[in-house]
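Chains as they are written, first to last, in this note's numbering: chain F, 43 to 332; chain Y, 43 to 332.
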DNA sequence: AGGGCCATGAAACATTTGTTGCACGATTTA
DNA sequence: TAAATCGTGCAACAAATGTTTCATGGCCCT
């Protein structure tokens, strides 16, 4: 079984990389970034594109334990070979118990989540996005594990609508924000069983203020979905394991942001580009290499 | 680029196959059945395995309109090249318009994400979880949109290991935490293209300190994956839309937490129950209705 | 049957491949 | 400061690559 401690050539490369000479690091990075070309094109060809000496590739291979470039490339080729075994056959054996029950747990979890995603209603999301598009201001709420989803939504929406989006409670006690809800604004509340009192309070405040309420929840019976103009459902409990799954909620949040952006048209695009340009100017990102 | 928009070289081959000489048909079938080997191994090598003459490969290539085997192989190689990630601006364009384009966008996004999830390596996650289980302390890092994933991971892990988990930079400047990394501790860094400098700094600090480095990234070539003991890959660019998808990263984070919890056994379970009991006592949750 | 045609395998060809020895320069050590 | 070590590019090397040529053998047509 291929389960042994032997790892892929790319991991070997990655682990050895920091302890390598400068030039070898360069070509090592190049190989890692272009491993498909590494398996198909010639060493000299790669060297020309990487702007390095052909010999460096041979030396790199030897430095990480191969007899030469040929052997390293062969390893990369095998690692890339399309798997002939179907994932189902793997699933069939070693169920539940045994040395690899952890792996089975992960596999189950991922498959369950993948199966859950398409059940999300695309129409409902598109409708909610239109509501967001029309909103003068957008408030976002999520407590406990849902806070992460709330923050991602906040982040993405602020990329192209910086002044009009904020998380409830971000700049002080929640209660202050609750009084600020106005008609024409949108309030998003994210949550699932067991529901936190705080999120329900936010939903009620939004409802009373006449703001557009968008609930992202695991059930239409969720208390924060009461009186909501839009309810977007995901399956929190669909996955095996001990914590409810947030993948569905996150997928909804991302779709919501994407559609809202698309509704924003040229203006939104301009805003996003400005933001990206500012980040680039502040050298937030690692610069691209040739 | 030899010819204009032609179909894939493999279909060209299949079409021309019946009108070819006997021997060339055999070779052609072999190429069609083993096109991965055709792109990676040498002509003579293939000939030996197919039980044919090396010259037959050159003749086959010429028979279907290529200048030689090299050119045919180049075409096969390009046809097999993994779909490259297109930059944001390119992806933003060429969207179809129409009344329901928004709905289509959501559907595309969800389907793509569902398809991407099962590609995550369950083994790698299980291994990383074991490393987390053994770690004396766990540091978590994620900037910009990845911060949301980092915070979810932090939240879930703290449910059963409250004193040993923290987000880098949560209690002051990042730099203070970077000096606190120790061998025996684990550092998780989450990120994708374009990579923030800050996340790379954290990864390097972890490496230098001898801590166990776990990278959750979109590529093995990611700078914060260099020297990492575990790399968990997700597809950020797999989904249509304008922002990279975090669903994969989130699924990894949740699986990681679930497996780590399961490794924690009875002790972890006790911890979780205590936490839940405390939250219930503080009446955080909405009480069940009859 | 004979003559032309084409398919086929083996061997020789010019290129290109991965590798290695060597010299130069930078950095470290005594 | 001198010696030693290491990293690096260049150039020459043998091996392997794809291609071509040539001789052979089978096939069809007149």
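Ideal placement from N, C-alpha and C gives every residue a C-beta, glycine not left out.
(request) Quick one: grab the DSSP three-state call for residue 229/Y. (result) Under the three-state reduction of DSSP output, residue 229/Y falls in the strand class.
(request) Could you tell me whether the Cβ of residue 60/F comes closer than 8 Å to any Cβ of chain Y? (result) Closer than 8 Å to some Cβ of chain Y, the Cβ of residue 60/F qualifies, so yes.
(message) Rounded to the nearest angstrom, what separates residue 271/Y and residue 232/Y at their Cα positions?
(response) Spanning the two alpha carbons is a distance of roughly 14 Å.
(message) I'd like the ranges of any alpha helix (DSSP H) spanning at least 4 consecutive residues and lying wholly in the region 89-125 of chain Y.
(response) Look at the region 89-125 of chain Y and you find these whole runs of alpha helix (DSSP H), each 4 residues long or longer: 96-105, 111-122.
(request) Could you round the C-beta distance between residue 253/F and residue 228/F to whole angstroms and report it? I think they count as a contact, below 8 Å. (result) Confirmed, about 6 Å.
(request) Answer yes or no: does any C-beta atom of chain F fall closer than 8 Å to that of residue 4/Y? (result) Here chain Y covers residues 43 to 332 and nothing more, so residue 4/Y does not appear.
(request) Take residue 249/F and list the residues in its own chain whose beta-carbon comes closer than 6 Å to its own, dropping the five residues that flank it on each side. (result) Result list for residue 249/F: 255, 269, in chain order.
(request) Could you tell me whether the Cβ of residue 194/Y comes closer than 8 Å to any Cβ of chain F? (result) Closer than 8 Å to some Cβ of chain F, the Cβ of residue 194/Y qualifies, so yes.
(message) Could you tell me the alpha carbon to alpha carbon distance between residue 348/Y and residue 111/F, rounded to whole angstroms?
(response) Nothing in the structure corresponds to residue 348/Y, since chain Y is present only between 43 and 332.
(message) If the cut-off is 8 Å on Cβ atoms, which residues from the region 264-278 of chain Y count as contacting chain F, listed in chain order?
(response) The region 264-278 of chain Y vs chain F, Cβ under 8 Å: 265, 267, 268, 269, 270, 271, 273.
(message) When you compare the CB of residue 190/Y with every CB in chain F, is at least one pair closer than 8 Å?
(response) It does; some Cβ of chain F falls within 8 Å.
(request) Report the rounded CA-to-CA distance for residue 288/F versus residue 278/F, giving the unit in angstroms. (result) Rounded to the nearest angstrom, the two C-alpha atoms are 6 Å apart.
(message) Short of 7 Å Cβ to Cβ, which residues in the region 233-246 of chain Y face chain F?
(response) The region 233-246 of chain Y vs chain F, Cβ under 7 Å: 236, 237, 238, 239, 242.
(request) Put residue 274/F into one of helix, strand or coil per three-state DSSP. (result) Strand, per DSSP.
(message) Count Cβ pairs between the region 309-320 of chain Y and the region 210-227 of chain Y that sit closer than 8 Å; are there 3 or more?
(response) Remark: fewer than three beta-carbon pairs, one from each stretch, lie closer than 8 Å, so the region 309-320 of chain Y and the region 210-227 of chain Y are not flagged as touching.
(message) Taking 8 Å as the threshold (C-beta atoms), are residue 108/F and residue 238/Y in contact?
(response) Cβ atoms of residue 238/Y and residue 108/F: not closer than 8 Å.
(request) For the alpha helix (DSSP H) holding residue 314/F, just list the boundary residues, first then last. (result) For residue 314/F, the uninterrupted alpha helix (DSSP H) segment begins and ends at 289-323.
(request) Could you name the residues of the same chain whose beta carbon sits closer than 8 Å to that of residue 80/Y, not counting the 5 residues immediately before and after it, in chain order? (result) Closer than 8 Å at the Cβ level, and outside the excluded window around residue 80/Y, lie 73, 88, 115, 118.
(request) Measure the alpha-carbon distance for residue 258/F versus residue 206/F and round it to whole angstroms. (result) Roughly 20 Å separates the two Cα atoms.
(message) Cutting at 7 Å between CB atoms, please list the residues of its own chain near residue 200/Y, excluding the five before and the five after it.
(response) Apart from the 5 residues on each side of it in sequence, residue 200/Y sits with its Cβ closer than 7 Å to the Cβ of 207 in its chain, given in chain order.
(message) Given this structure, state the Cα-to-Cα distance separating residue 302/F from residue 274/Y, to the nearest angstrom.
(response) One C-alpha to the other measures close to 30 Å.
(request) Could you please give the first and the last residue of the uninterrupted alpha helix (DSSP H) stretch that includes residue 191/F? (result) Start and end: 188-202.
(message) If we define contact as Cβ-Cβ less than 8 Å, is residue 300/F a contact residue for chain Y?
(response) Closer than 8 Å to some Cβ of chain Y, the Cβ of residue 300/F qualifies, so yes.
(request) Return helix, strand or coil for residue 80/Y, following the three-state DSSP convention. (result) Of the three classes helix, strand and coil, the one that applies to residue 80/Y here is helix, per DSSP.
(message) Would residue 56/F pass as an interface residue toward chain Y - the criterion being a Cβ-Cβ separation below 8 Å?
(response) Interface criterion met: the Cβ of residue 56/F is under 8 Å from a Cβ in chain Y.
(message) Quick check on the DSSP output: the beta strand (DSSP E) that includes residue 67/F runs from which residue to which?
(response) Careful: residue 67/F lies outside any beta strand (DSSP E), inside the alpha helix (DSSP H) at 64-75.
(message) Distance check for residue 63/Y and residue 260/Y, CA to CA, integer angstroms please.
(response) Using only the alpha carbons, I get a separation of about 47 Å.
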